[in-house]
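Asks: Numbered by mature numbering (1 follows the signal peptide of the UniProt record, and there is no 0), the letters in the sequence shown go through residues -16 to -1, 1 to 744 in order.
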Amino acid sequence: MVAIFLFLLFTRFSAAIALQRNSTISVGSSLSPKNNLYWLSSSGQFAFGFYKKDNGFVIGIWLENIQQKTVIWTANRDDPPLPEDVKLLLSNDGRLILQQQQGEQTLVANATQSASSASMLNTGNFVLYNSDSMIIWQTFDFPTDTILPSQRLLATNKLVSSISETNHSSGNFVLVMQTDGNLVQYPASNPTGAEYAYWASGTYTAGANVTLNLGGNGQLYLLNSTGFNIKTLNGETNLNDKAFYRLTIDVGGILRLYSHSLNQGDNWVTEWSSSSNKCDPLGLCGLNSYCTLMDQELACTCPPGFDFVDQDKKILGCKRNFTDGCISKNRETFNLQELEAIAWEDNPYSITLSNKADCRVDCMSDCNCEAAVFKDQECRKQKLPLRYGRRKEGNQVGTTIIKVGIGSVSRERKKHLPISLIGSVTILGFSLIVLAITGILIYRYRIWKNKNIGNDGLIEDVTLRSYTYGELEKATNGFTDEVGKGAFGTVFKGVISNGKRVVAIKRLEKVVVEGEREFRNEMKSIGRTYHKNLVKLFGYCHDGTNRLLVYEYMSNGSLTNFLFESETKPSWEEKTRIALNVARGILYLHEECETQIIHCDIKPENILMDDHKSAKIADFGLAKLLMPNQTRTYTGGYVAPEWLRNLPITVKADVYSFGIVLLEIICGRRHLVMDLPEDEVVLENWVYDCFAVGELDKLVKDEDVEKNKLERMVRVGLWCIQDEPSFRPPMKKVVLMLEGTMEIPAPPSPTSFLSSMEVN
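(1) Below 8 Å between beta carbons: does that hold for M593 and L533?
(2) What separation, rounded to the nearest whole angstrom, lies between the Cα atoms of I417 and I390?
(3) Taking S16 as the reference, which of V42, F30, S10 and T8 has the closest Cα?
(4) My parser needs the beta strand (DSSP E) runs of 3 or more residues fully inside the region 528 to 562; what are they?
(5) Could you spell out where the alpha helix (DSSP H) holding M161 opens and where it closes?
(6) Between which two residues does the beta strand (DSSP E) holding F110 run?
(7) Under a three-way DSSP split, which group does Q565 fall into?
(8) Suppose contacts are defined by Cβ-Cβ distances below 8 Å. Is L571 in contact with V479 by that definition?
(9) Since I385 and A356 should fall inside the 8 Å C-beta cutoff, what is the C-beta to C-beta distance between them, to a whole number of angstroms?
(10) Run through DSSP, which three-state label would L21 get?
(11) How many angstroms separate the CA atom of I326 from the CA atom of L231?
(12) Mind checking who G473 pairs with in its DSSP beta bridge?
(13) So I43 is in the beta strand (DSSP E); what residue range does that whole segment cover?
(14) Buried or exposed for R629, going by 16 or more other Cβ atoms inside 10 Å?
(15) How would you write the range of the alpha helix (DSSP H) that A181 sits in, first residue to last?
(16) Could you check if G202 is buried or exposed, using at least 16 other CB atoms within 10 Å of its CB as the buried criterion?
(17) Can you tell me whether D62 is buried or exposed, with buried defined as 16 or more other CB within 10 angstroms of its CB?
(18) In the region 663 to 687, which residue ranges form an unbroken alpha helix (DSSP H) of at least 4 residues, counting only runs that do not cross its ends?
(19) For F126, list the residues DSSP reports as bridge partners.
(20) How would you write the range of the beta strand (DSSP E) that I335 sits in, first residue to last?
(21) So within the region 204 to 257, which uninterrupted beta strand (DSSP E) runs reach at least 3 residues, ignoring any that extend past its ends?
(22) Looking at the secondary structure, which residues open and close the alpha helix (DSSP H) in which A637 lies?
(23) Measuring CB atoms only, is the region 445 to 463 touching the region 474 to 489, in the sense that at least three cross pairs come out at less than 8 Å?
(24) Report the three-state DSSP secondary structure of D346 (helix, strand or coil).
(25) W121 to A95, Cα distance in whole Å?
(26) Let me confirm a value: P632 is counted as buried when at least 16 other C-beta atoms fall within 10 Å, else exposed. Which label applies?
(27) Please list, in chain order, all residues of the same chain as E322 whose beta carbon is under 6 Å from its beta carbon, the five residues on each side excluded.
(28) What is the rounded straight-line gap between the Cα of L82 and the Cα of N272?
(29) Within its chain, find whatever has a CB closer than 6 Å to the CB of G473; leave out the 5 residues flanking it on each side and keep chain order.
(30) Taking its Cβ as the centre, do 16 or more other Cβ atoms sit within 10 Å of A676, making it buried, or is it exposed?
(31) Report yes if the C-beta distance between Y180 and L239 is below 8 Å; otherwise report no.
(32) First and last residue of the beta strand (DSSP E) that includes E626?
(33) Which of the three DSSP states is assigned to P588 in this structure?
(34) When the Cα atoms are used, what is the spatial distance from S101 to L204?
(35) Is there contact here, the region 587 to 604 with the region 513 to 529, by at least three beta-carbon pairs under 8 Å?
(36) Can you tell me the Cβ-Cβ gap for M695 and L680, rounded? I've got them flagged as a contact below 8 Å.
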């Protein structure tokens, strides 16, 4: 009797398991947290159904046959947990829905057709079939934080990290398969901000419809639209064909490839990761805090002058531990402290050429300066909040100078201090303040003494020197070695610093005759403008009616020589680098220097090449020195249409000029060549025509250039030369587009140079 009972029990249990593992789930089938929790794949490896979360349940897919029940997909992941009285139903009308006791229904799968059946496949994919057994909906098309072998991450699709290992709601980091072919990781708070990308595959020239693929052998690779493998992310790693793999963007924002032997007691093994530094993802720690590693474990730390918002939740960031106020009104309230090797989001409101001591003084006396980053002889002043802080090794990070409160001891503690100690501290503090003020006054007097030139008391920038006309006449050997001539004057080669430095000395012509102070102020403004893609100003001369500028000497001439006159034409890589050099220089003038500068005369003659064939912009900041009747005599073809229409001039005029120069760089020819066939005479018209009919190869003739890279550059150029200024992108976007971190829509036809000339 007992044997019969056990046999019947076993038969019933086996039937239940067989039902769970049936590869076909018919309409009318349902799951409930109270009894039938999930449907298994036929292998028993994957489960689709309800799993526990807090005091409720969530619908998802997980690995069932290992000790760690790893969740790989979650439905409606940001909804609150479900109560235990819900039912998941494949309804008779072919919908996968959630039913609650109150009769409320929620769609789980938004299929375009009615389903006839469903299945939990052995690949980890849950699918709905129509009556023809065709898949009409599948979880593989809607990944959450993980992809599995045979699954693809399509263009525009993304993976979003989970909040924690047990909470699979959307977290703080995103992996996006971009339409330009680049696979990129961002903080979720800035999902489209290309400047905040903290990891990328570097395949931004691969074109549209690139997919991320995970092979059954653990190979992680990108395929283009033709099925060609453009990059294997995990290289030549020796992988195990018998292991199971998954790719997950982890809670901490790092993309990792895991393997598992599928033995019950084994753990997941990391085979590859996008970064070895846990602090690389931006936004791990909250505002005004920075990420650091302690024994390889991540920790959030407050900078000096800040305390955690919540000691129990340090990832929430930090807040000031003293009362804000303006330093100029109360110098006894603040002090400065320094942090080394901490990188922040680089978003300064002011950048000046400086040394560290001057940077400290400058920030201390500026009410807006909460912190400054001193790096590469630049003082980059910042306002709060400080974002995306993380410790980074190397010399490229700089020193963070932070304004902190001096009186940080709480009043409660002060009440218990002995009176004698309070008196001693007060006297000592007063003495230190007097000593500090005396030191600052002496320091500033010495700087004033060194800078003061002439009898008018004008204090000059430390980085600029004022020369007499005689000194520069001697430096140029009587202005005999002429190396160039332009709208602002003639350039001569010279030698200064006892013959140790070769310079270019520009003798200005047709400039406004103004007072010495005004001219020096202009020079001081230009002298504070410092960037690796701008020609550096060393000094000037204001001697009687003579106005001369002393610049660094650029040994390889201008871009004109390099592009149009040299026997050896630049390679495509050199062209790309030059275009980015120029774009970054203009971006600095427009958005990053202390005073915005509109160049007004961007052209190849004003782009000079140094010893390393890097491009630098010349003649910036000189437009306002021209006589009134000279302010609109700029080189035809490079001027924006608004110049010719007497409309207000903005930074978008420089964007237009850059666009023309960019097209010249691409094609290696001038914007206007009269001895060419009629349809090729005007460069911008010809470029757009070639773009419109898909014949961009005509632009580069015999050059070996990847089509995607060429099209990217052409699109940027055509957007820059749009007739309407508002259509032209700002230089920040131009740089991002050239770098390949921003998608570029197809540009409309620009108005030609010749039609613009007809306006007047």
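Note that beta-carbon positions come from the ideal geometry of N, C-alpha and C, so glycine has one too. These numbers come from a predicted model, not from an experiment.
Replies: Reading off the structure:
(1) no
(2) 11 Å
(3) Measuring from the Cα of S16, the nearest candidate turns out to be V42.
(4) 530 to 536
(5) Taken as a continuous stretch (DSSP letters only), M161 belongs to no alpha helix (DSSP H), being part of the beta strand (DSSP E) at S154 to M161.
(6) F110 to Y113
(7) Strictly speaking, residue 565 in this sequence is Asn, with Gln absent from that position. N565: helix per DSSP, three-state reduction.
(8) no
(9) 5 Å
(10) coil
(11) In this structure, the straight-line span from the alpha carbon of I326 to that of L231 is close to 30 Å.
(12) G470 and L492
(13) Counting along the chain, the beta strand (DSSP E) containing I43 begins and ends at G40 to L47.
(14) exposed
(15) Segment: none, A181 is in no alpha helix (DSSP H) and carries neither H nor E.
(16) By the 10 Å Cβ count, G202 comes out buried.
(17) The residue is exposed, with fewer than 16 neighbouring Cβ atoms inside 10 Å.
(18) 667 to 676 and 681 to 684
(19) DSSP lists no partner for F126.
(20) First-last of the beta strand (DSSP E) with I335: S334 to L337.
(21) Those beta strand (DSSP E) runs which fall completely within the region 204 to 257 and span 3+ residues are 204 to 207, 213 to 216, 228 to 233, 239 to 244 and 253 to 257.
(22) K636 to C651
(23) yes
(24) It is helical.
(25) Taking the straight line joining both Cα atoms gives about 5 Å.
(26) exposed
(27) Sequence-distant partners of E322 (beyond 5 residues in either direction) whose C-beta falls short of 6 Å from its own C-beta, in its chain, are T383 and I385.
(28) 43 Å
(29) K490, R491, L492 and E493
(30) exposed
(31) no
(32) No beta strand (DSSP E) contains E626, which is instead part of the alpha helix (DSSP H) from P625 to L628.
(33) helix
(34) 32 Å
(35) yes
(36) The sequence as given places Glu at residue 695; Met does not occur at that position. Contact flag correct, Cβ pair sits at about 6 Å.
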